[in-house]
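Student: My structure is below; once you've seen it, I'll send some questions.
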């Protein structure tokens, strides 16, 4: 747990350090709603969160991404209170089509590392080996792409698709680097929200 928290703090520091100097930064904040899914979209769950960051007049910046998905694993009757929380420090690269003032569009790619926390407080399904009544903090990573579109100098919309994955095998608790390992926590997130710069 301490390792994961230290990694999350380090990821946030990297995101802040990679952001341009405040005098030249285009800061933004973007609350969002999402649909999250594991291996297939048929088990999608609603999530909520916030992106906050800064981009230079050029194309690179940093952002902090926080997400919360209640009932991620299923219903409360099956799994009790359960959720997934993620906190990622990301680098963001995007080209401002139409400039950095007024109306315009900025397609972007983003990725980074941080903390993924799962929580399962019990329920009737006891044979799924999900560490019932336990939480799990793990170092994870994310990668994604999307677009920010501004109507004027301040307000716009943001949409993106991200893939999030833990480095830890959820069955053994051992950190592994193989991105195709079956035991790692992983899911897709499609989000949309308002962006304010």
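Numbering (the numbering used here), first residue to last: 46 to 242. Note that the Cβ used here is the ideal one computed from N, Cα and C, for glycine as well.
(1) To the nearest angstrom, report how far apart residue 46 and residue 210 are at their CA atoms.
(2) Would you say residue 115 faces chain D, with C-beta separation under 7 angstroms as the test?
(3) For the beta strand (DSSP E) that residue 231 lies in, which residues bound it at each end?
(4) Measure the C-alpha to C-alpha separation of residue 147 and residue 136 and round it to an integer number of angstroms.
(5) Suppose the cutoff is 6 angstroms on Cβ atoms and the five residues either side in sequence are ignored; what does the same chain contact list for residue 240 look like?
(6) If residue 127 and residue 232 are in contact, beta carbons under 8 angstroms, what's the gap, nearest whole angstrom?
(7) In chain order, what are the residue ranges of uninterrupted beta strand (DSSP E) at least 3 long that sit wholly in the segment 111-195?
(8) What residues in its chain sit with their C-beta under 7 angstroms from that of residue 235, if we drop five residues either side in the sequence?
(9) With 16 other CB atoms within 10 Å as the buried threshold, where does residue 104 fall?
(10) With which residues is residue 74 paired in a DSSP beta bridge?
(11) Measure the alpha-carbon distance for residue 144 versus residue 97 and round it to whole angstroms.
(12) Here's the rule I'm using: 16 or more other beta-carbon atoms within 10 Å means buried, otherwise exposed. How should residue 196 be labelled?
(13) Measure how close the beta-carbons of residue 165 and residue 118 come, nearest whole angstrom, since I'm counting them as under 8 angstroms.
(14) Please return the same chain residues whose Cβ sits closer than 7 angstroms to the Cβ of residue 138, not counting the five positions on each side in sequence.
(15) Which residue's Cα is closest to the Cα of residue 199: 129, 150 and 189?
(16) In chain order, what residues of the same chain have a beta carbon less than 6 angstroms from the beta carbon of residue 133, not counting five sequence neighbours either side?
Tutor: Taking the geometry as given:
(1) To locate residue 46, count along the chain shown from 1; it is residue 1. To locate residue 210, count along the chain shown from 1; it is residue 165. Bear in mind that the predicted position of residue 46 carries a pLDDT of just 49, short of 50, making it unreliable; the figure below should be weighed with that in mind. One C-alpha to the other measures close to 17 angstroms.
(2) Looking for chain D here will not work: only one protein chain is present.
(3) Indexing the chain shown from 1 puts residue 231 at position 186. Segment 229-241, the beta strand (DSSP E) holding residue 231.
(4) For the purposes of this step, residue 147 is taken as the residue at position 102 of the chain shown. For the purposes of this step, residue 136 is taken as the residue at position 91 of the chain shown. Spanning the two alpha carbons is a distance of roughly 24 angstroms.
(5) By 1-based counting over the chain shown, the position of residue 240 is 195. Here the set comprises 73, 75, 193, 201 and 203.
(6) As a first step, residue 127 is located in the chain shown; it is residue number 82 there, counting from the start. As a first step, residue 232 is located in the chain shown; it is residue number 187 there, counting from the start. Their Cβ separation, rounded to whole angstroms, is 13 angstroms, which puts residue 127 and residue 232 out of contact at 8 angstroms.
(7) With a minimum length of 3 residues, the continuous beta strand (DSSP E) runs that stay inside the segment 111-195 are 127-139, 149-165 and 179-195.
(8) In the chain shown, counting from the first residue as 1, residue 235 sits at position 190. Excluding sequence neighbours, residue 235 sits near 79, 80 and 206.
(9) Here residue 104 corresponds to residue number 59 of the chain shown, with the count starting at 1. Classification of residue 104: exposed, given that the 10 Å Cβ count is below 16.
(10) Residue 74 sits at position 29 when you count from the first residue of the chain shown. The secondary-structure analysis by DSSP pairs residue 74 across a beta bridge with 97 and 241.
(11) Locating residue 144 in the chain shown gives position 99, counting from the first residue. Locating residue 97 in the chain shown gives position 52, counting from the first residue. If I take the Cα positions, the gap works out to 20 angstroms.
(12) The residue you call residue 196 lines up with position 151 of the chain shown. The residue in question, residue 196, is exposed, as its Cβ has fewer than 16 Cβ neighbours within 10 Å.
(13) As a position in the chain shown, residue 165 is number 120, starting the count at 1. As a position in the chain shown, residue 118 is number 73, starting the count at 1. Sure, about 6 angstroms apart at Cβ, within 8 angstroms.
(14) What you label residue 138 is simply residue 93 of the chain shown in a count that begins at 1. Excluding sequence neighbours, residue 138 sits near 104, 105, 153 and 154.
(15) Position 154 of the chain shown, counted from the start, is the residue given in the question as residue 199. Residue 150 holds the alpha-carbon nearest to the alpha-carbon of residue 199 among 129, 150 and 189.
(16) One-based indexing of the chain shown puts residue 133 at position 88. Correct list, in chain order: 110, 157, 159 and 187.
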